[in-house]
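Residue numbers for the sequence shown follow full-length UniProt numbering, so the first one is 1 and each next one is one higher.
Glycine included, every Cβ here is placed at the ideal spot set by N, Cα and C.
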Amino acid sequence: MVLYTSPFPNSFLSLLHSFSWGLIFPCYWLADRLVASFVPTTYEKRQRADDPCYFHALCIIITTPIYLALLVASLPFALIGFLLWSPLQSARRPYIYSRLEDKNHANGATLLTEWKAAGTGKSFCFGSANVCLLPDSLARFNNVFNTQARAKEIGRRIRNGASRPQIKIYIDSPTNTSISAASFSSLVSPQGGENTNRTVNTGIKRTTSMEYKGDNSGSNNSEDREDKGGAGEPNEGEENTCIVRINGEDNGHMSDTETDTVNGQAHASGPAEPSLEGDAEISKTPNHKQKEGDSGSLDSYSASRESLVKVRVGDGTVDQSTVNNKLLYKASIMKKTSVRKKKHTDETFDHEISAFFPANLDFLCLQEVFDKRAAEKLKEQLHHYFEYIVYDVGVYSCHGCCSFKFVNSGLLFASRYPVMDAAYHCYPNGRGTDSLASKGALFLKVQVGSTPQDQRIVGYISCTHLQAIAGDTTVRCEQLDMLQDWLSEFRKSTSSSSTANPEELVAFDVICGDLNFDNCSSEDKLEQQHSLFTHYKDPCRIGPGEDKPWAIGTLLDPEGLYDEEVCTPDNLQKVLESEEGRKGYLVYPTSKNHGSSQKGRKASLKGNGRRIDYMLYTEEGLYLEWKVEVEEFSFITQLAGLTDHLPVAMRLMVSTGEDDP
Numbered sequence: 001m002v003l004y005t006s007p008f009p010n011s012f013l014s015l016l017h018s019f020s021w022g023l024i025f026p027c028y029w030l031a032d033r034l035v036a037s038f039v040p041t042t043y044e045k046r047q048r049a050d051d052p053c054y055f056h057a058l059c060i061i062i063t064t065p066i067y068l069a070l071l072v073a074s075l076p077f078a079l080i081g082f083l084l085w086s087p088l089q090s091a092r093r094p095y096i097y098s099r100l101e102d103k104n105h106a107n108g109a110t111l112l113t114e115w116k117a118a119g120t121g122k123s124f125c126f127g128s129a130n131v132c133l134l135p136d137s138l139a140r141f142n143n144v145f146n147t148q149a150r151a152k153e154i155g156r157r158i159r160n161g162a163s164r165p166q167i168k169i170y171i172d173s174p175t176n177t178s179i180s181a182a183s184f185s186s187l188v189s190p191q192g193g194e195n196t197n198r199t200v201n202t203g204i205k206r207t208t209s210m211e212y213k214g215d216n217s218g219s220n221n222s223e224d225r226e227d228k229g230g231a232g233e234p235n236e237g238e239e240n241t242c243i244v245r246i247n248g249e250d251n252g253h254m255s256d257t258e259t260d261t262v263n264g265q266a267h268a269s270g271p272a273e274p275s276l277e278g279d280a281e282i283s284k285t286p287n288h289k290q291k292e293g294d295s296g297s298l299d300s301y302s303a304s305r306e307s308l309v310k311v312r313v314g315d316g317t318v319d320q321s322t323v324n325n326k327l328l329y330k331a332s333i334m335k336k337t338s339v340r341k342k343k344h345t346d347e348t349f350d351h352e353i354s355a356f357f358p359a360n361l362d363f364l365c366l367q368e369v370f371d372k373r374a375a376e377k378l379k380e381q382l383h384h385y386f387e388y389i390v391y392d393v394g395v396y397s398c399h400g401c402c403s404f405k406f407v408n409s410g411l412l413f414a415s416r417y418p419v420m421d422a423a424y425h426c427y428p429n430g431r432g433t434d435s436l437a438s439k440g441a442l443f444l445k446v447q448v449g450s451t452p453q454d455q456r457i458v459g460y461i462s463c464t465h466l467q468a469i470a471g472d473t474t475v476r477c478e479q480l481d482m483l484q485d486w487l488s489e490f491r492k493s494t495s496s497s498s499t500a501n502p503e504e505l506v507a508f509d510v511i512c513g514d515l516n517f518d519n520c521s522s523e524d525k526l527e528q529q530h531s532l533f534t535h536y537k538d539p540c541r542i543g544p545g546e547d548k549p550w551a552i553g554t555l556l557d558p559e560g561l562y563d564e565e566v567c568t569p570d571n572l573q574k575v576l577e578s579e580e581g582r583k584g585y586l587v588y589p590t591s592k593n594h595g596s597s598q599k600g601r602k603a604s605l606k607g608n609g610r611r612i613d614y615m616l617y618t619e620e621g622l623y624l625e626w627k628v629e630v631e632e633f634s635f636i637t638q639l640a641g642l643t644d645h646l647p648v649a650m651r652l653m654v655s656t657g658e659d660d661p
């Protein structure tokens, strides 16, 4: 299948489309600004409350007649442009495929050589987020604004979180897992050059390079691998990972001599950086032009410090060759370098509320990237980390759907691995305001490796956004039916294998997206019992109507987005870790006896908020000899103040069941 790198099949149609949109855009922009001036956000209301001269009201009185006059003057040109633009949409392609042109920063082909399916397995990390990048006037109804600036900052934060080094610490002591703050902070600090690696010894062994890709890297997470001559090599799926092994002496602490040695090596390998206590305060502006030290911003020093840390505890002395089979405990290194253990020990995988996107994020599915200018800004930022991006997905005008479509589907997909095939389908049964957007499903096939016999290892990812209007239960169920049918057709049409002679081995099949229903609301019972959940597993779900105790809602209360308690990633993380905090800042499942007041409600509510953003996976249709298990699941606060949804992330481990070569 040919991937479409331009929206039209030839340059003449592209030029004609650009000309028609140039005629439409002034009218569109003026209308957007005019409406936006009358829809203030809560942040703007608070700012204007301190204005005794009513300066903003005076500005509106002056600018409104000007906007209206210019809008009327631009209408004839917009009408001519629309008459050209609308028929052109019948020739428009359903998406644009973008690949990073800079060969120095492209590493998709390199990633394919890392997994030959000969080891114990490989992990893949998936992320999904609704980013609310609508035209500014419409975004304000969700209490967010400045769409263009938000798009750029969202992209910066995502690549900042994903490009952090992943730290894994192996502790041989069966009883003590503590780590001294001095020794650990020296290990996690970002480096002063792209190719600078830190040498760590004195009881600590680094088995791969630990390279921090900051704002100046502008590249994917390609690394210069070390020679694998020694024992204790990491799993093949652990790219950009620093493995630290601490011996069991001294209860897991390093001596002062060891600490001084490590710190000295750290300072020798890169420039000194400020301490956590010296970080600048975070700006409280909603557009988050944050200062150095903000954990959510790209230039944050603390971002690398607060990397995920995995502690594996052995029984006595542990052989490095068997350390990958140890029980996995996860913690987050926060500003006090404390180790946090998961609360629900009966769970088979790690789960947390994280202030960052996972390190080594492989695939990203975004929803509500409706604004085309914002999509371009977001794409430019994401391309610093993701080599392959599919964006501007959907149809316009009356082409391909029953009703007229003013905006696209809002779907965007980014990948570190090569995209082999892509297909888009528009839901024909949208109602109300949702029918104005070409909401649908994007299906992708990616290559993630190859076997020693040169068989391709592939994965399938589906990204979707369902009907949003409350009460449209039947519509959403019909869309879920279509989603399953379209996915089945896509897999059949893109498969080049036969059962007798497989040319491809399927490693995973994942569905991500905003499904606009939760698993606890009484009004969503029909969706909760849909057949989709018999074929695909939801890591956060026990059964219809019941989520796991640690699962929280992903829909934030818009009225509280700019409260000081939740306006930064760290603050929002801390608030959501408490039940009272969740009640104050999450939207909860609806019920007939619930009052209209949401904020500050202290009554007992069902669940931990409305979880409408899903990540599903299946074990059906995969290579029979392989096993897929969830390794991590995260609710992410890194986009605090930029969207009214919490992003979610899931890491899957594909186990081949073979011994290390």
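| Item | Value |
| --- | --- |
| Inter-residue CB distance, SER415 and VAL393 (contact presumed, cutoff 8 Å) | Going by Cβ atoms, the distance from SER415 to VAL393 rounds to 14 Å, so no, they are not a contact pair. |
| 6 Å CB neighbourhood of LEU480 in its chain, flanking five on each side removed | HIS530, LEU532 |
| Bridge-paired residues (DSSP) for LYS627 | SER655 |
| Selection from LEU483, ILE461, ALA470, VAL35 that minimises the alpha carbon distance to PHE126 | ILE461 |
| Nearest candidate by alpha-carbon position, reference GLY553, set ASN516, THR568, PRO569 | ASN516 |
| Classification of LYS45 by the beta-carbon crowding that lies within 10 angstroms, buried from 16 upward | exposed |
| Cβ-Cβ separation, VAL630 to LEU652 (assumed contact under 8 Å), whole Å | 6 Å |
| Sequence ranges, alpha helix (DSSP H) only - wholly within the stretch 512–549, length at least 4 | 525–528, 532–535 |
| C-beta contact flag for TYR396 and ARG93 at 8 Å | no |
| Validate contact between the stretch 465–484 and the stretch 573–580 using beta carbons, cut 8 Å, 3 pairs | no |
| Assumed close pair GLN540, PHE633 - CB separation to whole angstroms, cut-off 8 Å | A small fix is needed here, since residue 540 is Cys in this sequence, not Gln. Confirmed, Cβ separation roughly 7 Å. |
| Nearest neighbour of VAL448, chosen from THR433, GLY440, ASP557, GLU504 [CA to CA] | GLU504 |
| Within 8 Å, strictly: CB atoms of LYS547 and GLY584 | Reading off the sequence, residue 547 comes out as Asp, not Lys. No, Cβ-Cβ distance for ASP547 and GLY584 is not below 8 Å. |
| Residue burial classification, ALA355 (beta-carbon count within 10 angstroms, cutoff 16) | buried |
| Terminal residues of the alpha helix (DSSP H) in which ILE24 lies | 11–36 |
| Residues of its chain near ALA455, where Cβ-Cβ distance is below 7 Å and the 5 sequence neighbours each way are ignored | In the sequence on display, residue 455 carries Gln and not Ala. Answer for GLN455: PRO502, GLU503, GLU504, LEU505, listed in chain order. |
| Alpha-carbon spacing of ILE66 relative to ALA57, whole angstroms | 15 Å |
| Top-ranked residue by Cα proximity to GLU619, from SER655, GLN148, ASP421 | SER655 |
| Three-state secondary structure (DSSP) of VAL369 | strand |
| Cα-Cα separation between ARG150 and LEU642, rounded to whole angstroms | 6 Å |
| Terminal residues of the beta strand (DSSP E) in which ILE96 lies | 96–99 |
| Beta-carbon contacts of GLN89 that lie in its chain and below 6 Å, excluding the five residues immediately before and after | TYR396, SER397, HIS399 |
| Start-to-end residues for the alpha helix (DSSP H) that takes in VAL395 | Here VAL395 belongs to no alpha helix (DSSP H), and DSSP marks it neither H nor E. |
| Residue from ASN519, PRO544, LEU133, ARG157 with nearest C-alpha to ASN146 | LEU133 |
| Entirely enclosed beta strand (DSSP E) segments - the stretch 410–471, minimum 3 residues | 412–415, 419–426, 440–450, 456–465 |
| CB of ASN97 within 8 Å of CB of TYR4, strictly | Sequence inspection shows Tyr at residue 97; the Asn mentioned does not correspond to that position. Yes, Cβ-Cβ distance for TYR97 and TYR4 is below 8 Å. |
| Proximity of LEU361 and ALA162 at Cβ, strictly below 8 Å | yes |
| Nonlocal neighbours in the same chain, by C-beta distance under 8 Å from GLY621, ignoring five residues either side | ARG491, VAL506, ASP509 |
| Beta-carbon proximity list for ALA36, same chain, < 8 Å, skipping 5 on both sides | ASP136, SER137, ARG140, PHE145 |
| Beta-carbon proximity list for HIS351, same chain, < 6 Å, skipping 5 on both sides | TRP550, PHE633 |
| Status (buried if at least 16 other CB within 10 Å, exposed otherwise) for CYS520 | buried |
| Extent of the continuous beta strand (DSSP E) to which GLU478 belongs | Per DSSP, GLU478 belongs to no beta strand (DSSP E); it is in the alpha helix (DSSP H), 473–494. |
| ILE469 to GLY513 span [Cα, whole Å] | 16 Å |
| ALA359 vs ARG159 beta-carbon contact at 8 Å | no |
| Per-residue burial, LYS525 [other beta carbons within 10 Å of its own, 16 or more giving buried] | exposed |
| Contact set for TYR536: own chain, Cβ-Cβ below 7 Å, skip 5 residues either direction | ILE511, LEU616, TYR617, THR618 |
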